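All you need for this note's numbering is the position in the sequence shown, starting with 1, plus 6. For glycine and all other residues, C-beta sits at the position ideal for the given N, C-alpha and C. Bear in mind the structure is a predicted one, so any value in this text is a computation, not a measurement.
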Amino acid sequence: MTLFDELLEANASYAQTFPGTELTAMPSRHIVILTCMDARIDNFDAFGLAVGDAHILRNAGGRVTDDVIRSLLLSSDVLGTRYVAIIHHTQCGLWGTTNEAIQQRVRDDRDVDASAIDFRPFQDADESVRDDLARLAASPLLRKDITTAGFVYDVANGRMRPVASAEGNVSPSIARAIEEFRANAGQLGGEYEDVPVLLLHATDADSNTERVTPLTCQPRGDSWAVFASKAGASSDPYWYLNLVAKPQVTIEFGAETIEVTARVVEGAERDEIWEAQKQASPQFARYEASTDRVIPVVVLERR
Numbered sequence: 007m008t009l010f011d012e013l014l015e016a017n018a019s020y021a022q023t024f025p026g027t028e029l030t031a032m033p034s035r036h037i038v039i040l041t042c043m044d045a046r047i048d049n050f051d052a053f054g055l056a057v058g059d060a061h062i063l064r065n066a067g068g069r070v071t072d073d074v075i076r077s078l079l080l081s082s083d084v085l086g087t088r089y090v091a092i093i094h095h096t097q098c099g100l101w102g103t104t105n106e107a108i109q110q111r112v113r114d115d116r117d118v119d120a121s122a123i124d125f126r127p128f129q130d131a132d133e134s135v136r137d138d139l140a141r142l143a144a145s146p147l148l149r150k151d152i153t154t155a156g157f158v159y160d161v162a163n164g165r166m167r168p169v170a171s172a173e174g175n176v177s178p179s180i181a182r183a184i185e186e187f188r189a190n191a192g193q194l195g196g197e198y199e200d201v202p203v204l205l206l207h208a209t210d211a212d213s214n215t216e217r218v219t220p221l222t223c224q225p226r227g228d229s230w231a232v233f234a235s236k237a238g239a240s241s242d243p244y245w246y247l248n249l250v251a252k253p254q255v256t257i258e259f260g261a262e263t264i265e266v267t268a269r270v271v272e273g274a275e276r277d278e279i280w281e282a283q284k285q286a287s288p289q290f291a292r293y294e295a296s297t298d299r300v301i302p303v304v305v306l307e308r309r
């Protein structure tokens with residue numbers, strides 16, 4: 007039996023119990039994941055996704071190429087996606103090598119000239135993510151309302167961390183959101199029009215540098231509730247971990263800058279705030295259904 011025969015046999019078993027599906031080609035969470043073809047990366051369990059949630063694009067290194075732009079154009083303009091996550095990883099086969107080295111290896115193996123191919127090798131995973139985010143931002147073909155973010159996945163421990171841009175924010179799209187927030191006294195347009203949003207200034211526990219993160223919030227008098235939903239992913243967002251480690255932080259809300267103390271709420275207090283948020287923003291109910299986590303609720307209290 008060949009490997010292809012094994013695939014066919016496995017599929018036959020799968021098809022016997024296939025329940026059918028009401029899913030469409032449009033991903034329910036309107037996101038595209040671009041990552042490496044590396045066999046160690048499980049795009050579903052690692053990122054809290056289910057079949058039907060996302061479009062998954064994979065190539066060597068998870069790099070933004072002309073063909074990735076082609077797929078993103080179809081995904082966004084035809085099938086409605088509005089988010090793109092670029093995820094590179096540790097121990098990548100393209101790390102630390104060069105085009106010349108790869109081309110020479112191909113030439114030595116079977117006397118083939120691959121000099122016309124840019125394999126997009128890199129020396130630093132964070133820089134390669136920034137480079138690909140910049141390629142997306144510079145493309146005249148892609149929609150300008152697409153939100154992008156970059157990450158590095160560690161194949162040794164399964165953890166994913168955000169990549170800071172040169173300006174200290176997660177991605178160019180977040181930088182644009184921060185600029186829009188500040189230019190309009192805390193108001194955003196598009197899908198966030200009329201949605202309360204704050205900017206959280208928190209110190210990164212790993213690098214000890216300040217990170218600015220836009221967050222949906224629930225104003226509560228002299229405090230603000232925020233929600234560590236991470237869009238229903240299986241792990242807590244980094245900003246939440248940073249708040250737990252260093253709860254004395256600053257926020258921007260409206261045109262005001264405010265010093266606050268973060269407090270994780272539990273029990274009846276958490277449940278009351280969480281239920282109110284689901285009523286105000288139904289997507290939070292979907293996030294809750296997508297994860298086994300009890301999504302943390304944090305109250306930021308004015309000092």
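Going by DSSP, what residue range makes up the alpha helix (DSSP H) through residue i?
i    : result
A373 : Since the first residue shown for the chain is 7 and the last is 309, residue 373 is missing from the structure and cannot be characterised.
L78  : 72 to 83
F290 : 289 to 295
At what residues does the beta strand (DSSP E) containing residue i begin and finish?
i    : result
Q109 : Premise fails: Q109 lies in the alpha helix (DSSP H), 105 to 116, not in any beta strand (DSSP E).
A52  : Where A52 is concerned, there is no enclosing beta strand (DSSP E), given that its DSSP letter is neither H nor E.
L14  : Segment 9 to 22 is the alpha helix (DSSP H) holding L14; no beta strand (DSSP E) there.
A208 : 203 to 209
E28  : That residue, E28, is in no beta strand (DSSP E); it is neither H nor E in DSSP.
T154 : 153 to 159
T41  : 37 to 42
A91  : 89 to 95
Taking only three categories from DSSP, how would you classify residue i?
i    : result
S134 : helix
I47  : coil
G196 : helix
A172 : In this prediction, A172 has a pLDDT of 49, which is less than 50 and means its spatial position is unreliable; nothing more can be read from the coordinates.
L306 : strand
R167 : strand
R217 : strand
F125 : coil
Confirm, please, whether the CB-CB distance from residue j to residue i is below 8 Å.
i    : j    : result
A268 : L249 : yes
Q224 : Q285 : no
T219 : S287 : no
P127 : T104 : yes
E307 : I301 : no
I264 : V271 : no
K252 : A208 : yes
N49  : I39  : yes
V158 : R167 : yes
Using a 10 Å radius around the Cβ and a threshold of 16 neighbouring Cβ atoms, would you call residue i buried or exposed?
i    : result
N175 : Bear in mind that a pLDDT of 45 at N175, under 50, signals an unreliable position, so the number given afterwards is only what the model happens to contain. The residue in question, N175, is buried, as its Cβ has 16 or more Cβ neighbours within 10 Å.
T41  : buried
P25  : exposed
I93  : buried
D138 : buried
G238 : buried
F125 : buried
T23  : exposed
Practice problem: Tell me the start and end of each unbroken alpha helix (DSSP H) in the segment 221 to 286 that is at least 4 residues and wholly inside, in chain order. | Solution: For the segment 221 to 286, whole alpha helix (DSSP H) runs of length 4 or above, ordered along the chain, are 244 to 251, 273 to 286.
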